[in-house]
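Have a look at the structure below before the remarks.
Structure follows, in structure tokens:
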């Protein structure tokens, strides 16, 4: 694995504020998590029932064991009665996904550039886990979100580094096609927060009738209770609920008022239609009214995405979001529930609102997103981050980017600072895989009559160009470009554990999406490679993945098994 050297080109803009180290918040909610998970798995008579993770045979991350400040935990309702497998697909047919066509192989001689936006969303992985636990083949699988769900041991930028991220590269034989190579590009953001000012957060909560399910509003309330415990007196919280109309439940309450905020959350009741657009407008108004200059100003939308009053299509909602994007207020989207999940709507809101999108299927997932990854969920360190990979025809005949199918950009968009792209939070990592056909292996067009070009003598595989803006409160800022050459020494016959595990996750994605390019990809190989690359696995997420793949094999026994 190679931590690539870099060359920098500045195009102006203001410098980022001096980062401060990421410090631990007060003791994190573990008693709440432990109690809520236990209550969620018990009946009123105290008998243990089977949770969705149990029914899929999945291992859950071990709960922490430290205490929480005083608040009594409200029990989550027990699981709903099991739905017969034959009826599961009919129910999930009400869910909506936007599947983009996968990227085909490109000839380096005619298309040497590959340009895409960074993506730190992780919703697709936890949604896949939920679908497998229901016993149905997953839909809406986005391979990059599966890969980016996990942490990797990429070196972080050094203290005082010029740029808020590092880039690591590694090339090895493609596991599912031994005649090809697989290049991994990993971007690791600094954990240093970009501001010492407080948080100005608006909880925008869907309390419409469609949220009246045990895995929706009750789980939502306990999830946000976890987040509340991360806040202190320097933070401000507002709460807006929406159904047929919207209500302001709290306005700029100090984050240290944990009891007050949690009481508001646990008093929520569901009912009525879903006028999410009006709720979004009200949330933005509150966020802008309470704006903290130099701070983190963010709306956190929690919903199943089933908007049915007023503007409700992804296109109508993104038009509203884009109009507010320059205000300096970011958007995070948390998806809840099943059967009528509108994944396409929630992804569109996050993508167009300078935000991120996660799907919350369990309280353990809420803890991962809102506690363990608090800094990366809440604080942006690199805005509008784009990658442009320049392939070398002397080393590569053809290539394809795996995943990022709805994140592709036109090559000219890389230099266009007006073109929106993904934002990367403190501590976030972004991983991308390129499948490469070596030059001379039949993957390129070397006999074109009119387009023959002289190939240089460099043995580099590629150069990774990264362009980003320093966060500047929503004000227009010019970008900076950094270049990372990927030389021949990036190839290894003994890939790192991170490469082995991440490529196993990508391979499952090829299988689950029935990729045209899956070649010899199979579930047995995924399990074997992932199980051998668990590493430290602090939260047990890699081990859970191995169990998930085994459960997937039962759901889709003929899909990629050997």
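In the working numbering, the protein residues as written are 41 to 602.
All C-beta atoms in this analysis are idealised placements derived from N, C-alpha and C, irrespective of residue type, glycine included.
So is residue 469 buried or exposed if we call it buried at 16+ other beta carbons inside 10 Å?
Reading the chain shown from its first residue, position 429 is the one you call residue 469. The residue in question, residue 469, is buried, as its Cβ has 16 or more Cβ neighbours within 10 Å.
Below 8 Å on the Cβ atoms is my contact criterion, and I expect residue 320 with residue 360 to pass it. Report the Cβ-Cβ distance as a whole number of Å. Along the chain shown, one-based indexing puts residue 320 at 280. Along the chain shown, one-based indexing puts residue 360 at 320. With a Cβ gap of about 6 Å, residue 320 and residue 360 count as contacting.
- prompt: So is residue 507 buried or exposed if we call it buried at 16+ other beta carbons inside 10 Å?
  reply: In the chain shown, counting from the first residue as 1, residue 507 sits at position 467. Buried is the call here.
Determine the DSSP secondary structure at residue 395, reduced to helix, strand or coil.
Within the chain shown, the letter at position 355 stands for residue 395. Reduced to three states, the DSSP call for residue 395 is coil.
Using only CA atoms, which one of 541, 407, 152 lies nearest to residue 567? As a working note, residue 567 is residue 527 in the chain shown. Comparing Cα positions, the closest option is 541.
Notebook entry, point to check: Can residue 548 and residue 186 be called in contact, C-beta distance under 8 Å?
Noted result: Counted from its first residue, the chain shown places residue 548 at position 508. Counted from its first residue, the chain shown places residue 186 at position 146. Against a cut-off of 8 Å, the Cβ pair of residue 186 and residue 548 comes out as a contact.
**Study point:** When 533, 467, 147, 166 are compared against residue 418, the one with the closest alpha-carbon
**Key:** Here the question's residue 418 lines up with position 378 in the chain shown. Of 533, 467, 147, 166, the residue nearest in Cα terms is 467.
Whole runs of the alpha helix (DSSP H) within the stretch 213–290, excluding any shorter than 4 residues:
257–268
Exercise for review: Quick one: grab the DSSP three-state call for residue 525.
Suggested key: Mapped onto the chain shown, residue 525 falls at position 485. Three-state result, residue 525: strand.
Checking the sheet assignment: what are the DSSP bridge partners for residue 423? In the chain shown, counting from the first residue as 1, residue 423 sits at position 383. 509.
*Nearest-angstrom Cα distance between residue 248 and residue 317?*
To locate residue 248, count along the chain shown from 1; it is residue 208. To locate residue 317, count along the chain shown from 1; it is residue 277. Cα to Cα, residue 248 sits roughly 13 Å from residue 317.
field: Residues that DSSP places opposite residue 504 in a beta bridge
entry: Start at 1 with the first residue of the chain shown, and residue 504 comes out as number 464. 429, 524, per the DSSP bridge assignment.
Query raised in the report: With 16 other CB atoms within 10 Å as the buried threshold, where does residue 228 fall?
Result: Sequence index remark: in the chain shown, residue 228 carries index 188 (1-based). The residue is buried, with at least 16 neighbouring Cβ atoms inside 10 Å.
| query | Taking the alpha-carbon positions, what's the residue 558 to residue 217 distance? | reply | For the purposes of this step, residue 558 is taken as residue 518 along the chain shown, with counting starting at 1. For the purposes of this step, residue 217 is taken as residue 177 along the chain shown, with counting starting at 1. Distance between the alpha carbons of residue 558 and residue 217: 8 Å.
Tell me the residue span of the alpha helix (DSSP H) that contains residue 362. Against the chain shown, residue 362 aligns to sequence position 322. Here the alpha helix (DSSP H) through residue 362 covers 354–364.
Kindly indicate which three-state DSSP category residue 26 falls into: helix, strand or coil? As shown, the chain starts at 41 and ends at 602. That puts residue 26 outside it, with no answer to give.
| request: Go ahead and pull the three-state DSSP assignment for residue 461. | output: Residue mapping note: residue 461 aligns to position 421 of the chain shown, counting from 1. Three-state DSSP puts residue 461 in coil, outside helix and strand.
Going by DSSP in three states, residue 342 sits in which element: helix, strand or coil? The residue given as residue 342 occupies position 302 in the chain shown. Strand, per DSSP.
Quick check on this structure: which residue in 403, 404, 383 has the alpha carbon closest to the alpha carbon of residue 397? Indexing the chain shown from 1 puts residue 397 at position 357. Ranking 403, 404, 383 by Cα distance to residue 397 puts 383 first.
Q. So what's residue 407 in DSSP terms, helix, strand or just coil?
A. Taking the first residue of the chain shown as position 1, residue 407 is located at position 367. Three-state result, residue 407: helix.
Query - Endpoints, beta strand (DSSP E) assigned at residue 479 - result: Counting from 1 along the chain shown, the entry for residue 479 is found at position 439. Counting along the chain, residue 479 falls outside any beta strand (DSSP E), and DSSP gives it neither H nor E.
inquiry  = Among the candidates 511, 171, 544, 137, whose CA atom is the shortest distance from the CA of residue 367?
reply    = Residue numbering aside, residue 367 sits at position 327 when the chain shown is read from its first letter. That would be 511, whose Cα lies nearest to the Cα of residue 367.
Query raised in the report: Distance, Cα to Cα, residue 250 vs residue 306?
Result: The residue labelled residue 250 in the question sits at position 210 within the chain shown. The residue labelled residue 306 in the question sits at position 266 within the chain shown. Answer to the nearest angstrom: the Cα atoms are 18 Å apart.
Let me check you understand the geometry: is the CB of residue 339 closer than 7 Å to at least one non-hydrogen atom of the ligand ATP?
This structure lacks the ligand ATP, and indeed carries no ligand of any kind.
Quiz item: Between the stretch 372–386 and the stretch 395–411, are three or more C-beta pairs nearer than 8 Å?
Solution: yes
*Could you tell me the boundaries of the alpha helix (DSSP H) in which residue 417 lies?*
By 1-based counting over the chain shown, the position of residue 417 is 377. Its alpha helix (DSSP H) spans residues 414–418.
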